[in-house]
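Asks: Can you keep this structure in mind? I'll have questions shortly.
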Amino acid sequence: MALPSESITINLGPQHPSTHGVFRIRVTLDGEVIQDIEPIFGYLHRGTEKLAEERTYTQIVTLTDRLDYTSSMINNQAYVMATEKLAGLEVPERGQYLRVLTAELQRVASHLMGIGFFLQDLGAFGTPLMYCFRERERILDLFEMICGARVTVSYMRPGGVNQEPPPEFWPDLRDLLLDLPNYIGELERLITENEIVVARTKGVGVLPRKLAIDSSISGPNLRASGVPWDLRKADPYDIYSRMDFDIPVGSNGDSYDRFLVRVMEIHQSLRIVEQCVQQIPDGPVRADVPYFFRPPAGDAYAHVEASKGELGFYLVSDGSIAPYRCKIRAPSFINLTALTEMLLGWKVADLMVIFGSLDVNMGEVDR
Amino acid sequence: MPYGFGIAKGMLVTLRNLARKPVTVQYPEQRVEQHPRFRGEDFVWYEERCTGCASCAKYCPQGIIKIVTTPSGEQTQEGEKYKLETFDIEIARCMFCGLCVEACPYDALHMGTGFERARPRQSDLVITIEELKASAKRPSTWFRPQLQNKKYDPATGEEVSWQDVGRESTVAPTYDEMRKRWVDGR
Amino acid sequence: MESNTLFSNLNEIYLGLLPESLSWAAFLGTGFTIILILVNALLMLTAFGTYMERRVLGRFQTRLGPNRVGPFGLLQPLADLLKLIIKEDLRPVTADRLTFFLAPVLMVTSMLVVVAVVPFGNGSFLADLNIGVLYLVGIPTIATVSIFLGGWGSGNRFALLGAARAVAMLISYEVPMIVSLAGVLILAGSMSLVEVVEAQRLPFILLQPLAFFVFIVSASAEMNRSPFDLMEAESELTAGFHTEFSGMRFGLVQLAEFGEVVITSAILSTLFLRGWENPFIPSDWQQVLPAQIWFIGKVLFFMFIFTWIRATLPRMRIDQVMAFAWKVLFPLALINMFVTAALVVVWPDPNPTYTQLWVMVGVNWTVAIGCLACFTRGLERHGKKPTASVQLVQMPAEVS
Chain X
6 MALPSESITI
16 NLGPQHPSTH
26 GVFRIRVTLD
36 GEVIQDIEPI
46 FGYLHRGTEK
56 LAEERTYTQI
66 VTLTDRLDYT
76 SSMINNQAYV
86 MATEKLAGLE
96 VPERGQYLRV
106 LTAELQRVAS
116 HLMGIGFFLQ
126 DLGAFGTPLM
136 YCFRERERIL
146 DLFEMICGAR
156 VTVSYMRPGG
166 VNQEPPPEFW
176 PDLRDLLLDL
186 PNYIGELERL
196 ITENEIVVAR
206 TKGVGVLPRK
216 LAIDSSISGP
226 NLRASGVPWD
236 LRKADPYDIY
246 SRMDFDIPVG
256 SNGDSYDRFL
266 VRVMEIHQSL
276 RIVEQCVQQI
286 PDGPVRADVP
296 YFFRPPAGDA
306 YAHVEASKGE
316 LGFYLVSDGS
326 IAPYRCKIRA
336 PSFINLTALT
346 EMLLGWKVAD
356 LMVIFGSLDV
366 NMGEVDR
Chain Z
16 MPYGFGIAKG
26 MLVTLRNLAR
36 KPVTVQYPEQ
46 RVEQHPRFRG
56 EDFVWYEERC
66 TGCASCAKYC
76 PQGIIKIVTT
86 PSGEQTQEGE
96 KYKLETFDIE
106 IARCMFCGLC
116 VEACPYDALH
126 MGTGFERARP
136 RQSDLVITIE
146 ELKASAKRPS
156 TWFRPQLQNK
166 KYDPATGEEV
176 SWQDVGREST
186 VAPTYDEMRK
196 RWVDGR
Chain L
34 MESNTLFSNL
44 NEIYLGLLPE
54 SLSWAAFLGT
64 GFTIILILVN
74 ALLMLTAFGT
84 YMERRVLGRF
94 QTRLGPNRVG
104 PFGLLQPLAD
114 LLKLIIKEDL
124 RPVTADRLTF
134 FLAPVLMVTS
144 MLVVVAVVPF
154 GNGSFLADLN
164 IGVLYLVGIP
174 TIATVSIFLG
184 GWGSGNRFAL
194 LGAARAVAML
204 ISYEVPMIVS
214 LAGVLILAGS
224 MSLVEVVEAQ
234 RLPFILLQPL
244 AFFVFIVSAS
254 AEMNRSPFDL
264 MEAESELTAG
274 FHTEFSGMRF
284 GLVQLAEFGE
294 VVITSAILST
304 LFLRGWENPF
314 IPSDWQQVLP
324 AQIWFIGKVL
334 FFMFIFTWIR
344 ATLPRMRIDQ
354 VMAFAWKVLF
364 PLALINMFVT
374 AALVVVWPDP
384 NPTYTQLWVM
394 VGVNWTVAIG
404 CLACFTRGLE
414 RHGKKPTASV
424 QLVQMPAEVS
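Heads up: the sequence lines are chains X, Z and L, in that order.
When the count follows my numbering, it moves up by one through the first sequence with no breaks and lands on 372 for the last residue.
When the count follows my numbering, it moves up by one through the second sequence with no breaks and lands on 201 for the last residue.
When the count follows my numbering, it moves up by one through the third sequence with no breaks and lands on 433 for the last residue.
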């Protein structure tokens with residue numbers, strides 16, 4: 006005779022060391038097995054889309070920094086591409102190369118942070134986190150050199166980038182490109198064959214291929230489930246069509262694959278940066294665009310491959326200096342669609358592992 | 016590969032890192048080195064160059080610059096320079112994006128270098144015009160290519176006078192240059 | 034049987050001070066003095082150990098540890114202690130008074146009591162029980178029970194769940210721990226710790242690699258240390274048995290936990306690394322350093338090993354932890370016991386020659402590596418190898 010057991014509902018509150026921001030999950034447990042979850046977010050909502058309706062196109066760049074605050078350059082890139090599509094602006098080549106260079110460096114920094122916090126959630130007492138952040142500091146120092154700020158960069162403008170990098174940027178970048186693959190290799194040796202990491206992440210939180218495509222998941226999560234889809238190859242923007250790089254694609258769709266796809270993407274991003282440094286031409290970095298420029302009435306959608314997935318900006322203009330509507334397609338928000346299916350049936354200890362492997366950023370989810 | 020070797024390799028990596036020099040910077044005795052282009056909090060303002068045009072206030076995304084001017088009665092031949100009564104920058108809401116610095120057509124406002132402007136009261140978080148007039152003139156090289164070309168470093172360099180900080184040349188343009196710019200370029 | 038020279042020397046001093054009729058007082062005084070030395074040394078080593086662990090963990094992570102409080106941060110344990118003492122000591126209304134009070138007290142007591150048998154020098158110990166090893170494995174079981182007392186007495190449903198899981202883990206890990214010690218006992222021929230040290234012509238770490246490995250892993254689990262520290266993980270919802278403890282009550286639990294690290298290091302160095310003697314040269318030769326220095330050095334070495342493991346490894350899930358104990362460690366300990374017993378049957382002389390010892394070393398290490406290979410094969414078939422599941426795909430860019 007089966008004993009009657011009741012399920013208990015626990016609140017994994019907004020303040021929690023492992024939830025990557027202010028995210029609240031109400032978990033219904035039967036013993037230790039998760040039966041149902043209810044994600045509650047919105048704690049970081051700042052009204053970005055409404056604020057964008059009251060700021061000029063150049064001022065909105067400062068708002069986009071703060072969406073996914075771990076990858077500000079890529080947010081900037083997506084937005085300024087949308088404004089250029091709206092206004093029909095041509096970006097000079099050097100500006101495009103600088104955009105791709107900084108965007109790929111930012112992708113490396115964002116993945117390092119994602120990997121570090123994933124391992125921190127697994128319980129490796131902060132050591133891989135410190136190693137990842139030590140390398141991320143070098144990239145942030147480069148950003149400080151190029152635009153004066155480390156995290157909220159506001160580097161790109163409609164028509165190009167803001168300023169030319171200083172002359173001391175290029176030797177430091179070259180040093181970074183020489184050192185970083187070794188450090189990433191060291192990180193791989195620390196983690197990817199560690200039996201405990203493998204035992205805790207392999208086969209855990211499997212995202213089947215069909216569910217991933219049906220839920221509009223994008224980015225490394227989609228590629229780990231076996232779908233070779235990358236916007237830099239499928240719909241190239243800026244000068245990605247001239248870059249030679251590969252796409253890591255997983256086969257199982259479990260947490261281990263998601264984690265490993267990010268590690269391998271770092272290597273590919275460094276390849277792209279290397280090619281940018283070799284190929285970059287001289288010239289102006291920004292098209293001559295007035296500050297209060299008025300694009301013609303209409304709408305435009307531009308999307309980029311952000312570090313978390315497909316980031317898209319849909320801008321509607323009515324001919325004035327501020328957009329009529331700015332809609333942001335945030336990848337982390339859409340990636341959370343399949344969270345319930347991924348978590349059902351797993352234990353509480355796996356909840357943090359699966360959530361950490363999705364690499365969600367609450368700044369994007371809540372905007 | 017035998018079981019347990021992954022863990023062994025990981026432990027060797029950790030042991031190697033034991034021998035590395037720590038990367039900690041002992042604040043407040045030491046400080047992290049900032050690049051001259053750092054967008055700091057201590058704004059640098061040159062009263063001699065400012066005309067009170069309030070472009071900085073217009074460009075600011077947050078709208079935190081408050082400028083109140085009165086006609087000064089000076090330089091009426093050249094088009095009158097405003098007298099600034101109030102020039103408040105509210106640090107509490109400023110995000111140090113630098114758009115105001117980008118806006119200034121006269122190179123009168125520049126970003127500074129510090130990051131230690133925290134105060135106990137929110138009412139103290141405003142930079143008034145007296146503070147701007149009295150502060151040390153060490154502008155950051157952000158969006159100021161003329162300062163960068165001079166390899167100026169606000170942390171170690173001397174204060175920059177208002178005559179040297181602008182992007183215009185100190186030599187008057189020749190007739191041909193003026194003609195090329197204003198007549199032929201149209 | 035080594036005589037307790039420390040005890041006899043101190044007894045003589047006290048007898049010289051006191052009149053003849055109070056010789057029982059001299060006996061008591063000697064005992065208390067040695068207890069004072071031991072308990073103080075243990076507590077000081079625990080406090081210093083927490084500081085050392087934080088500094089060493091920091092250096093593993095290429096950062097400095099705490100270095101603000103006092104010169105080189107040496108007063109950091111004092112600062113932690115003061116902070117815990119001045120905190121408010123909360124007691125939930127639903128908590129059972131007696132068990133809530135007793136739980137941390139029992140943990141600390143059981144930890145302190147173990148140090149009575151550990152010999153820290155040549156003839157320096159409090160008591161040389163001839164069932165020393167049994168005492169060593171029996172007393173920490175009180176700590177296990179007190180964890181459950183703490184969890185139940187807190188009156189918190191989640192504390193009880195956490196405590197129940199902790200006790201299940203601790204009980205499962207006691208079995209391999211004890212069975213691995215059987216190999217050591219067979220070789221030493223006696224349970225007295227002093228005899229075990231003297232019987233180590235070659236340190237037992239060479240003669241019993243499997244027992245060493247099983248013991249060090251089981252002891253890590255017994256102490257709730259990484260990679261088995263799932264009780265303290267913030268990613269576990271059940272925050273463990275010490276959820277409701279605050280202030281000095283929590284401080285006592287932390288003291289007990291780190292004290293167990295020190296005790297286990299002491300036990301490891303006694304049982305496997307020849308205690309107070311120089312592990313590299315035979316015992317009749319001139320020891321280079323005093324015995325106490327060797328002992329402290331070995332204890333610090335093992336504390337460093339535990340910190341190193343903590344810095345590197347992530348934590349395991351509870352079901353993996355239990356599976357590891359029963360499916361991996363227990364068979365290994367049994368194999369070790371049988372191999373040792375077989376070797377002792379072949380050479381029953383209680384004082385084997387060095388040749389025989391080195392042959393034993395060879396046999397034991399071969400068996401250890403053989404077991405490793407077998408387990409690797411078994412786990413490969415289980416399918417949890419890090420196979421190359423992520424491939425690089427070369428895609429051409431679609432130029433539109």
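Idealized CB from N, CA, C, for every residue including glycine.
For a cutoff of 8 angstroms on Cβ pairs, would you count X/Met367 as touching chain L?
Replies: Taking the first sequence and counting its residues from 1, one reaches residue 367 of chain X at position 362. Not an interface residue.
Asks: State buried or exposed for X/Gly100, treating a residue as buried only when at least 16 other CB atoms are found within 10 Å of its CB.
Replies: In the first sequence, residue 100 of chain X corresponds to position 95, counting from 1. X/Gly100 comes out buried.
Asks: Pop quiz: L/Leu306 and L/Lys331 are said to be a contact at Cβ under 8 angstroms. What is the actual Cβ separation, rounded to whole angstroms?
Replies: Along the third sequence, one-based indexing puts residue 306 of chain L at 273. Along the third sequence, one-based indexing puts residue 331 of chain L at 298. Confirmed, Cβ separation roughly 5 angstroms.
Asks: Can the beta-carbon of X/Phe46 be found less than 8 angstroms from the beta-carbon of X/Asp293?
Replies: Counting from one through the first sequence, the residue named residue 46 of chain X turns up at place 41. Counting from one through the first sequence, the residue named residue 293 of chain X turns up at place 288. No; because the gap between Cβ atoms is not below 8 angstroms, this pair is not in contact.
Asks: If you count every other CB in all the chains shown that lies within 10 Å of the CB of Z/Ser70, and 16 or more means buried, which is it?
Replies: Within the second sequence, residue 70 of chain Z is the residue found at index 55, counting from 1. Per the 10 Å Cβ criterion, buried.
Asks: For Z/Pro43, would you say it is in contact with chain L, using Cβ-to-Cβ distances shorter than 8 angstroms as the test?
Replies: Here residue 43 of chain Z refers to the residue found at position 28 when the second sequence is read from its first residue. Not closer than 8 angstroms to any Cβ of chain L, the Cβ of Z/Pro43 fails to qualify, so no.
Asks: Give a yes or no on contact between the segment 330-342 of chain X and the segment 244-260 of chain X, applying the rule of three or more CB pairs nearer than 8 angstroms.
Replies: With the cut-off at 8 angstroms, the segment 330-342 of chain X and the segment 244-260 of chain X do not touch.
Asks: If you draw a straight line from the C-alpha of X/Asp41 to the C-alpha of X/Thr33, how long is it?
Replies: Here residue 41 of chain X is taken as the residue at index 36 of the first sequence, counted from 1. Here residue 33 of chain X is taken as the residue at index 28 of the first sequence, counted from 1. Spanning the two alpha carbons is a distance of roughly 5 angstroms.
Asks: In terms of residue numbering, what span does the beta strand (DSSP E) encompassing L/Glu293 cover?
Replies: Translated into the one-based positions of the third sequence, residue 293 of chain L becomes position 260. L/Glu293 -> not in any beta strand (DSSP E); alpha helix (DSSP H) instead, spanning 281-305.
Asks: Assign L/Gln424 to one of three DSSP states: helix, strand, or coil.
Replies: Along the third sequence, read from residue 1 onward, the residue named residue 424 of chain L stands at position 391. In the structure shown, L/Gln424 sits in a strand (DSSP, three-state: E or B).
Asks: Are three or more beta carbon pairs between the segment 167-179 of chain L and the segment 199-208 of chain L nearer than 8 angstroms?
Replies: With a cut-off of 8 angstroms, the segment 199-208 of chain L and the segment 167-179 of chain L count as touching, because enough Cβ pairs lie within range.
Asks: In the structure shown, what three-state DSSP assignment does L/Ser205 receive?
Replies: For the purposes of this step, residue 205 of chain L is taken as the residue at position 172 of the third sequence. Residue state, collapsed to three classes: helix.
Asks: Is the CB-CB distance between X/Asp249 and X/Gln283 below 8 angstroms?
Replies: If you number the first sequence from 1, residue 249 of chain X lands on position 244. If you number the first sequence from 1, residue 283 of chain X lands on position 278. Against a cut-off of 8 angstroms, the Cβ pair of X/Gln283 and X/Asp249 comes out as no contact.
Asks: L/Leu346 versus chain Z: which residues are under 9 angstroms apart at the beta carbon?
Replies: For the purposes of this step, residue 346 of chain L is taken as residue 313 along the third sequence, with counting starting at 1. Those within 9 angstroms of L/Leu346 in chain Z are Ile22, Gly25, Met26.
Asks: Rounded to the nearest angstrom, what separates Z/Tyr97 and Z/Gln49 at their Cα positions?
Replies: Against the second sequence, residue 97 of chain Z aligns to sequence position 82. Against the second sequence, residue 49 of chain Z aligns to sequence position 34. Using only the alpha carbons, I get a separation of about 36 angstroms.
Asks: So for L/Trp391, helix, strand or coil by DSSP?
Replies: The sequence position of residue 391 of chain L within the third sequence is 358, counting from 1. Residue state, collapsed to three classes: helix.
Asks: Throw me the rounded Cβ distance for the X/Pro300 and X/Thr88 pair, which I believe falls under 8 angstroms.
Replies: Translated into positions along the first sequence, residue 300 of chain X becomes position 295. Translated into positions along the first sequence, residue 88 of chain X becomes position 83. With a Cβ gap of about 7 angstroms, X/Pro300 and X/Thr88 count as contacting.
Asks: Can you name the start and end residues of the alpha helix (DSSP H) that X/His116 belongs to?
Replies: Within the first sequence, the letter at position 111 stands for residue 116 of chain X. That run of the alpha helix (DSSP H) goes 98-127.
Asks: Could you tell me whether the Cβ atoms of L/Thr79 and L/Leu214 are closer together than 8 angstroms?
Replies: As a position in the third sequence, residue 79 of chain L is number 46, starting the count at 1. As a position in the third sequence, residue 214 of chain L is number 181, starting the count at 1. For L/Thr79 and L/Leu214, no; Cβs fall outside 8 angstroms.
Asks: Taking only beta-carbon positions, decide if L/Ala358 is within less than 8 angstroms of chain X.
Replies: As a position in the third sequence, residue 358 of chain L is number 325, starting the count at 1. No, L/Ala358 does not count as interfacial toward chain X.
Asks: So X/Tyr84 and X/Val66 are in contact, right, with Cβ under 8 angstroms, and what is the actual spacing, rounded?
Replies: Translated into the one-based positions of the first sequence, residue 84 of chain X becomes position 79. Translated into the one-based positions of the first sequence, residue 66 of chain X becomes position 61. Right, their Cβ atoms sit about 6 angstroms apart.
Asks: Just confirm the distance between the C-beta atoms of X/Ala311 and X/Arg263, as a whole number of angstroms; I'd bet it's less than 8 angstroms.
Replies: By 1-based counting over the first sequence, the position of residue 311 of chain X is 306. By 1-based counting over the first sequence, the position of residue 263 of chain X is 258. X/Ala311 to X/Arg263, Cβ: 16 angstroms. No contact.
Asks: Give me the Cα-Cα distance between X/Glu173 and L/Leu203, rounded to the nearest whole angstrom.
Replies: Counting from one through the first sequence, the residue named residue 173 of chain X turns up at place 168. Counting from one through the third sequence, the residue named residue 203 of chain L turns up at place 170. Cα to Cα, X/Glu173 sits roughly 58 angstroms from L/Leu203.
Asks: What is the residue span of the beta strand (DSSP E) that L/Trp309 lies within?
Replies: Here residue 309 of chain L is taken as the residue at index 276 of the third sequence, counted from 1. Note, L/Trp309: premise wrong, no beta strand (DSSP E); not H, not E.
Asks: Does the CB of L/Met34 have a neighbour CB from chain X at under 8 angstroms?
Replies: Here residue 34 of chain L refers to the residue found at position 1 of the third sequence. In this prediction, L/Met34 scores a pLDDT of 40, lower than 50, which makes its location untrustworthy; the coordinate-derived value is nonetheless stated afterwards. L/Met34 does not count as touching chain X.
Asks: Is it buried or exposed, Z/Arg31, if we count other Cβ atoms within 10 angstroms and call 16 or more buried?
Replies: Taking the second sequence and counting its residues from 1, one reaches residue 31 of chain Z at position 16. When all chains shown are included, Z/Arg31 counts as exposed.
Asks: Report the option in X/Arg247, X/Pro186, X/Gly190, X/Glu169 whose CA atom is closest to the CA atom of Z/Thr156.
Replies: For this step, residue 156 of chain Z is matched to residue 141 along the second sequence. Ranking X/Arg247, X/Pro186, X/Gly190, X/Glu169 by Cα distance to Z/Thr156 puts X/Glu169 first.
Asks: When you compare the CB positions of L/Gly154 and L/Ala356, do they come within less than 8 angstroms of one another, or not?
Replies: The residue given as residue 154 of chain L occupies position 121 in the third sequence. The residue given as residue 356 of chain L occupies position 323 in the third sequence. Contact flag unset, no.
Asks: Can you pull the chain X residues whose beta carbon is under 7 angstroms from the beta carbon of Z/Pro76, in chain order?
Replies: Walking along the second sequence from the start, residue 76 of chain Z turns up at place 61. The contacting residues are Arg60, Gln64, Thr67.
Asks: Ordered along the chain, which non-local residues of its own chain (more than five positions away) have a Cβ less than 6 angstroms from that of Z/Phe111?
Replies: Taking the first residue of the second sequence as 1, we reach residue 111 of chain Z at position 96. So the list reads Arg54, once near-sequence residues are dropped.
Asks: Since Z/Phe58 contacts Z/Ile144 with CB under 8 angstroms, what's their CB separation in whole angstroms?
Replies: As a working note, residue 58 of chain Z is residue 43 in the second sequence. As a working note, residue 144 of chain Z is residue 129 in the second sequence. That belief does not hold up - the Cβ atoms of Z/Phe58 and Z/Ile144 are roughly 11 angstroms apart, past 8 angstroms.
Asks: Where does the unbroken alpha helix (DSSP H) through L/Lys116 begin, and where does it stop?
Replies: Locating residue 116 of chain L in the third sequence gives position 83, where the first residue counts as 1. Segment 109-118, the alpha helix (DSSP H) holding L/Lys116.
Asks: Along the segment 139-153 of chain X, what residues have a CB closer than 8 angstroms to any CB found in chain Z?
Replies: Result list: Arg139, Glu142, Asp146, Glu149, Met150, Ile151, Cys152, Gly153.
Asks: In whole angstroms, what separates the C-alpha of X/Glu159 from that of X/Leu181?
Replies: As a working note, residue 159 of chain X is residue 154 in the first sequence. As a working note, residue 181 of chain X is residue 176 in the first sequence. Looking at the sequence itself, residue 159 of chain X is Ser, so the reference to Glu does not match. One C-alpha to the other measures close to 22 angstroms.
Asks: Taking 8 angstroms as the threshold, find out whether the segment 237-253 of chain L comes into contact with the segment 81-88 of chain L through three or more Cβ pairs.
Replies: Not touching, per the Cβ criterion.
Asks: Evaluate L/Phe133 with the Cβ neighbour count: other Cβ atoms within 10 Å of its Cβ, from every protein chain shown; 16 or more gives buried, anything less gives exposed.
Replies: Position 100 of the third sequence holds residue 133 of chain L. Looking at its Cβ environment, which holds 16 or more other Cβ atoms inside 10 Å, L/Phe133 is buried.
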